[in-house]
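First to last, the sequence lines map onto chains A and B.
The numbers in numbering that gives the first Met the number 0 rise by one with no breaks, and the one at position 177 of the first sequence is 176.
The numbers in numbering that gives the first Met the number 0 rise by one with no breaks, and the one at position 97 of the second sequence is 96.
A virtual CB, placed ideally from N, CA and C, is assigned to each residue, including glycine.
Down below is the structure, laid out as structure tokens.
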Amino acid sequence: MSKESTYIPKSGFSKWFDQRLPLPRMLHDNINAFPTPRNLNYWYTFGGILTFCLVTQIVTGIVLAMHYTADAGLAFASVEHIMRNVNYGWLIRYIHAVGASMFFLAVYVHIFRGLYYGSYKAPREILWILGVVIYLLMVITAFMGYVLPWGQMSFWGATVITNLFSVIPVVGTTITEWLWGGFAVDNATLKRFFSLHYLMPFMIFGVVILHIWSLHVTGNNNPVGVSVKEKQDTVPFAPYYTVKDAFSLVCFLILFAWFIFFNPNILGHTDNYIMADPLVTPAHIVPEWYLLPFYAILRAIPSKLGGVLVMGAAIAILFILPWLDTSKVRSATFRPLYKQFYWIFVVNCIALGYLGSQNPEGLFLVASRICTAYYFIHFLLVLPILGLVEKPKPIPESITKAVLEKMEIRNMKEKSAEA
Amino acid sequence: MFKLSGYNFKFCILFQIIFVLFFSISAFAAGEQKRVQKHDWTFAGIFGHYDDAQLQRGFQVYREVCSSCHSMNYVYYRNLAEEGGPGFTVEEVKVIASEDIIIDGPDDYGEMFERPGKPSDTFVSPYANQNEARASNGGAYPPDFSVLAKARSTLRGFPWWFVDLFTGYQEQGVDYIYALLNGYSEPPEDFILQSGMHYNEYYPGNQIAMGQPLYEESVEYADGTVASVEQMAEDVSAFMMWAAEPKLEIRKQMGFKVAIFLFVLAGLLYYSKKKIWARIEH
Numbered sequence: 000m001s002k003e004s005t006y007i008p009k010s011g012f013s014k015w016f017d018q019r020l021p022l023p024r025m026l027h028d029n030i031n032a033f034p035t036p037r038n039l040n041y042w043y044t045f046g047g048i049l050t051f052c053l054v055t056q057i058v059t060g061i062v063l064a065m066h067y068t069a070d071a072g073l074a075f076a077s078v079e080h081i082m083r084n085v086n087y088g089w090l091i092r093y094i095h096a097v098g099a100s101m102f103f104l105a106v107y108v109h110i111f112r113g114l115y116y117g118s119y120k121a122p123r124e125i126l127w128i129l130g131v132v133i134y135l136l137m138v139i140t141a142f143m144g145y146v147l148p149w150g151q152m153s154f155w156g157a158t159v160i161t162n163l164f165s166v167i168p169v170v171g172t173t174i175t176e177w178l179w180g181g182f183a184v185d186n187a188t189l190k191r192f193f194s195l196h197y198l199m200p201f202m203i204f205g206v207v208i209l210h211i212w213s214l215h216v217t218g219n220n221n222p223v224g225v226s227v228k229e230k231q232d233t234v235p236f237a238p239y240y241t242v243k244d245a246f247s248l249v250c251f252l253i254l255f256a257w258f259i260f261f262n263p264n265i266l267g268h269t270d271n272y273i274m275a276d277p278l279v280t281p282a283h284i285v286p287e288w289y290l291l292p293f294y295a296i297l298r299a300i301p302s303k304l305g306g307v308l309v310m311g312a313a314i315a316i317l318f319i320l321p322w323l324d325t326s327k328v329r330s331a332t333f334r335p336l337y338k339q340f341y342w343i344f345v346v347n348c349i350a351l352g353y354l355g356s357q358n359p360e361g362l363f364l365v366a367s368r369i370c371t372a373y374y375f376i377h378f379l380l381v382l383p384i385l386g387l388v389e390k391p392k393p394i395p396e397s398i399t400k401a402v403l404e405k406m407e408i409r410n411m412k413e414k415s416a417e418a
Numbered sequence: 000m001f002k003l004s005g006y007n008f009k010f011c012i013l014f015q016i017i018f019v020l021f022f023s024i025s026a027f028a029a030g031e032q033k034r035v036q037k038h039d040w041t042f043a044g045i046f047g048h049y050d051d052a053q054l055q056r057g058f059q060v061y062r063e064v065c066s067s068c069h070s071m072n073y074v075y076y077r078n079l080a081e082e083g084g085p086g087f088t089v090e091e092v093k094v095i096a097s098e099d100i101i102i103d104g105p106d107d108y109g110e111m112f113e114r115p116g117k118p119s120d121t122f123v124s125p126y127a128n129q130n131e132a133r134a135s136n137g138g139a140y141p142p143d144f145s146v147l148a149k150a151r152s153t154l155r156g157f158p159w160w161f162v163d164l165f166t167g168y169q170e171q172g173v174d175y176i177y178a179l180l181n182g183y184s185e186p187p188e189d190f191i192l193q194s195g196m197h198y199n200e201y202y203p204g205n206q207i208a209m210g211q212p213l214y215e216e217s218v219e220y221a222d223g224t225v226a227s228v229e230q231m232a233e234d235v236s237a238f239m240m241w242a243a244e245p246k247l248e249i250r251k252q253m254g255f256k257v258a259i260f261l262f263v264l265a266g267l268l269y270y271s272k273k274k275i276w277a278r279i280e281h
């Protein structure tokens, strides 16, 4: 945004318009001409994919809301009405339900890409924090959305999660009853969850705009983690990254379509096709797959209050991550030790996800305690210490140098392969 | 495109470690309930479609046996003639619907009245409400059949739940129902069966309130198929799958069109991307 504008109004009308509202200029400078590092790989296409996911969820959600009834007695039947009687209702609902999972899949790739390439480091701390805010809003929105079909898992999931607030000393019960709008999860709870589930995507949209604004102030990070120094380090966003993002998005859509058309229910829980019954508790209450790691952390702690606090800390710690990592080197490519700890951390998170789906007993409980401890050790011990003891590999002078070097190595390899 | 560089290779190794790790943990978590076998269904897989004759037989089993206790509240008679369904004609559906008595009203005098069913009615329910259903069945509520095939599952365990993501295997529910209908037997000698309960190998806890519903020749099939227990169980399970997922055929057919479109578009974009990026060194 601080960069010089390259917009030249072509017609008389666009000149007139530009002087009154420079919207086309803003779009031109931020989309067409935006200087983007020339070395971004496919992991960097997930920002675009996420924007697509958000818009898809909002559009399908608006249509679903036209047919859905937020009433404890009617909600389950209204979802079946959408599936059976509304024209292409089954398609819209499956897009929305699978879309939630795809949204989280993409956001996890996006977050872990940021962790690998050190995208949270100066000067991108605010960009990172806004991202964590978006993620937090996504979690809340997804949780409320899951309650709306009013199946068994909806109801009991809502019961478990809202009950977490009851552990707050003194005012816990009051807060929980205030959230419920009564003395249990019931019609009032469903109605407010629907209202908030409709509101929150627009809040996410607002924070996404801030997130992109902040990105356009600092510019993209990139796989070598070296800041942009000269003009040849960058290419204009269009057509280079519009076409790369589009290709990546369509590949992502193939996976998306696979789940919508051939496997739409695999990511959900079968119990949610049983209407909510406050008198029958399901054998296992589990959240959707994308929240399982936090569920494992919650249940790893022997005290209820402790579990809630530690689970909250697991997200809260992401806010201060830019100041926990003491290394000045951004990209893991040049951090031999961090690279290994990074992959251990990834495995640890996946393990937590698996443990979240299992009963917290015996070996599973021991494993989830170890993994929970390691989750925090990674942030509180590994990251601060690594930056002090690690000897980074030589860092390229510039993005362009790094690109040309990589090309040379590739050419040499090709030549030796030919010979 | 993606190259198998050093760290991709490392990723593969790590992935294998996770795989082995999870597999060994899962081995500890084996349950006592008998494992449900995968059954061969016409509607399974990416080319899956319903077998009209099977759905018609399944409907007959539902109507003559199951419907005396189990409702199907979200299914309309008209659905029987719709695309991707059992393939009854509109005329046949009118006759089927008219054979059931619907309680309608109130009329202009405030009275409820009985009339023959119409295609626009939902399947008539055997009980007026849940309380009546419970009272008639020793306290157990016979679940509604509309979405039951999607509301039941089987314990898959690792690595199967992961494999299922990519094979499109979604027939756990209908496999379970089929297994359950065939799973009645005498309890083992040391098994204590509560009064009014029945032993079933596949039911969680092995005690089910529903007595064995299907016996040889429980129905006489209109198309002459021999009505063995397995045959009827298979037919009615398939019918329940259709009831739960009536748009399955349309969905899978549309999926192919969408997939072809996306693959072509991806190809075009890939070459556009190559061409544009050829302008600079990268």
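Pull the bridge partners of residue i from the DSSP assignment, please.
i	result
B/Phe-112	B/Asp-103
B/Tyr-198	B/Gln-206
A/Met-274	A/Gly-150
B/Tyr-75	B/Thr-121
A/Tyr-353	Per DSSP, none; premise fails for A/Tyr-353.
A/Tyr-235	Rather than Tyr, the amino acid found at residue 235 of chain A in this sequence is Pro. Note: A/Pro-235 sits in a beta bridge opposite A/Pro-34.
B/Tyr-183	B/Asn-199
With a threshold of 8 Å on Cβ separation, who are the neighbours of residue i within its own chain once the five nearest residues in sequence on each side are excluded?
i	result
A/Gly-98	Cys-52, Thr-55, Gln-56, Thr-59, Phe-255
B/Asp-103	Met-111, Phe-112, Glu-113, Arg-114
A/Ala-32	Thr-5, Tyr-6, Pro-235, Phe-236, Ala-237
A/Ala-187	Trp-179, Gly-180, Gly-181
A/Ala-401	Asn-38, Val-223, Val-225, Pro-395
CA-CA distance, residue i and residue j?
i	j	result
A/Gly-218	A/Thr-35	7 Å
A/Arg-112	A/His-95	25 Å
A/Val-346	A/Phe-293	15 Å
A/Trp-342	A/Phe-333	15 Å
A/His-268	A/Gly-311	25 Å
A/Phe-318	B/Gly-195	58 Å
A/Ile-139	B/Tyr-73	31 Å
B/Asp-106	B/Ser-145	29 Å
B/Ala-132	A/Gly-305	45 Å
A/Arg-298	A/Val-146	21 Å
A/Tyr-239	A/Gly-47	14 Å
A/Ile-376	A/Phe-103	25 Å
B/Pro-212	B/Phe-161	35 Å
A/Tyr-107	A/Gly-130	11 Å
A/Leu-209	A/Ala-105	19 Å
A/Val-285	A/Val-307	16 Å
A/Asn-264	B/Glu-244	11 Å
Excluding the five sequence neighbours on either side, which residues of its own chain have a C-beta within less than 7 Å of the C-beta of residue i, listed in chain order?
i	result
A/Tyr-116	Asn-220, Pro-222, Gly-224, Arg-329, Ser-330, Ala-331
A/His-80	His-66
B/Met-240	Phe-42, Ala-148, Val-173
A/Lys-243	Thr-44
B/Arg-77	Val-92, Pro-118, Ser-119
Provide the residue span of the alpha helix (DSSP H) that contains residue i, from first to last.
i	result
B/Arg-133	129 to 135
A/Leu-39	Looking at the DSSP string, A/Leu-39 is not in any alpha helix (DSSP H), and its letter there is neither H nor E.
A/Thr-217	186 to 217
B/Ile-249	247 to 276
B/Glu-91	89 to 97
B/Tyr-177	171 to 180
A/His-95	88 to 115
B/Gln-211	No alpha helix (DSSP H) holds B/Gln-211; DSSP gives it neither H nor E.
A/Phe-16	11 to 19
Give me, in chain order, the residues of the same chain whose beta-carbon lies closer than 6 Å to that of residue i; leave out the 5 immediate sequence neighbours on both sides.
i	result
B/Tyr-282	Because residue 282 of chain B is not part of the residues shown, which for chain B are 0 to 281, the question remains open.
B/Ser-4	The predicted model places B/Ser-4 with a pLDDT of 46, which falls under 50 and marks its position as unreliable; any figure quoted below should be read in that light. Excluding residues within five positions, none has a Cβ falling inside 6 Å.
A/Thr-399	Gln-231, Asp-232
task: Report yes or no: do the stretch 176 to 196 of chain B and the stretch 31 to 41 of chain B share at least 3 C-beta pairs separated by less than 8 Å?
output: yes
- prompt: Quick check: the stretch 315 to 329 of chain A against the stretch 354 to 364 of chain A, are there 3 or more CB pairs under 8 Å?
  reply: no
- prompt: Should the stretch 39 to 50 of chain B be called in touch with the stretch 181 to 191 of chain B, which here means at least 3 C-beta pairs below 8 Å?
  reply: no
- request: Mind checking the stretch 128 to 146 of chain B against chain E and listing, in chain order, the residues whose C-beta falls within less than 9 Å of any C-beta there?
  value: The question asks about chain E, but that chain is absent: this structure's protein chains are A and B.
field: Contact the stretch 168 to 183 of chain A vs the stretch 132 to 150 of chain A: 3+ CB pairs below 8 Å
entry: no
query: Do three or more CB pairs link the stretch 265 to 280 of chain A to the stretch 137 to 156 of chain B at distances below 8 Å?
result: yes
The stretch 82 to 91 of chain B in contact with the stretch 47 to 66 of chain B per 3-pair CB rule at 8 Å: yes
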